[in-house]
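Per full-length UniProt numbering, residue 1 is the first one in the sequence shown, and the count goes up by one each step.
Idealized CB from N, CA, C, for every residue including glycine.
Note that this is a predicted model, so its numbers are computed, not measured.
Everything on this sheet refers to the single structure shown next.
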Amino acid sequence: MLLNREDTAALVRRYFDFAVPVDRFLHRPTIEHWFDEFYETRGVMRDRDAAAAQTAVLFMIFAIAQEHKVPKLSSVDAHTSGRYFRAANQQLSREGGPVRLASIQARLCQCLWLLSQSRINHCWSLFGTVSRLIFALGLHRYRHACTSTMTQVEIECRRRTFWSAYSLDNYLSTALGRPRTFNDKDIDQQFPSCVDDQDIPPGTDPLTFPADRGLSTMFGPISYAKLSQILSGVLSDI
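Written as structure tokens, this is what we have:
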């Protein structure tokens, strides 16, 4: 695939500015860094172990954003979106080593893309893999995301990824009438902080909440997760 940098840069902007109002589990400065590295290394990436997962995330951003282009998608654009999805699949099939957050995020993006294609059963099947990887990495537990070795970006991305997956789990259960994967009794993970991406410090410094900013874009995703908790109780009772 010959990827024009200007076109794909526009897709990255479209993804963050429009495509994901409540599923904001990707950190924009991190993605922009991976995007620059992708073109500087001609797709090889500097961290060879994490390269497949990082590249898969980028391809899925392209695929989802392609679905939200204006004007409405042509048949050529729809085919391109599918090619990005298959390219991400190819990258994920090359993965090796331990479970990485980026590989979970890439597959979670794939679930969202499949929903946009009305392929809900395929989404449900893939979500089974996502949920097991989440358990393996301990994203559902607070104690796994509060170590001194983690940066604030890592901590926030782990929280965001889990709660987005939790909300999707409840949605799929409601839509398909099938049991949920996550059990509320197993979860003690905190909600993400209500702070924008650019306000998260890159190191281990504590978060600060700028007083001169308006409502954070994370207010929507956090509220969505809280509503999903209510839905979870309804599903448990009914």
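With R24 and T217 assumed to form a contact (beta carbons below 8 Å), what rounded beta-carbon distance in angstroms separates them?
-> The C-beta separation of R24 from T217 comes to about 7 Å, placing the pair in contact by the 8 Å criterion.
_Is the separation between the beta-carbon of Y15 and that of I64 shorter than 7 Å?_
In this structure, Y15 lies near I64, with their beta-carbon atoms less than 7 Å apart.
*Meets three-Cβ-pair contact criterion under 8 Å: the segment 125-138 and the segment 77-88*: With the cut-off at 8 Å, the segment 125-138 and the segment 77-88 do not touch.
* Counting only the same chain and skipping the five closest in sequence on each side, list residues whose C-beta sits under 7 Å from that of G220. => In chain order, P21, V22 place their CB closer than 7 Å to the CB of G220, counting only its own chain and leaving out the 5 sequence neighbours on each side.
Taking one C-beta from the segment 192-199 and one from the segment 167-181 each time, how about it: are there three or more such pairs within less than 8 Å?
As far as the Cβ criterion goes, the segment 192-199 does not touch the segment 167-181, which means the pair count is below three.
So, is F35 buried or exposed, given that buried needs 16 or more other C-beta atoms within 10 angstroms? For F35, the number of other beta carbons within 10 angstroms of its own is at least 16, and it is reported as buried.
Length at least 4, wholly inside the segment 18-100: the alpha helix (DSSP H) runs in chain order:
Taken in chain order, the complete alpha helix (DSSP H) segments of 4 residues or longer contained in the segment 18-100 are 28-40, 48-66, 75-93.
Could you have a look at T161 and say whether DSSP puts it in helix, strand or coil?
DSSP places T161 in helix when its eight states are reduced to three.
What separation, rounded to the nearest whole angstrom, lies between the Cα atoms of E95 and V44?
Answer to the nearest angstrom: the Cα atoms are 14 Å apart.
### Exposure label - N170; buried when at least 16 CB within 10 Å
So N170 ends up on the buried side.
- DSSP state of F182, grouped into three classes? If DSSP states are grouped into helix, strand and coil, F182 belongs with coil.
| said: Please state whether the Cβ-Cβ distance between M60 and Q91 is less than 7 Å. | reply: Not closer than 7 Å, so no.
Can you give the Cα-Cα distance for I134 and T208, rounded to whole angstroms?
For I134 and T208, the distance between alpha carbons rounds to 28 Å.
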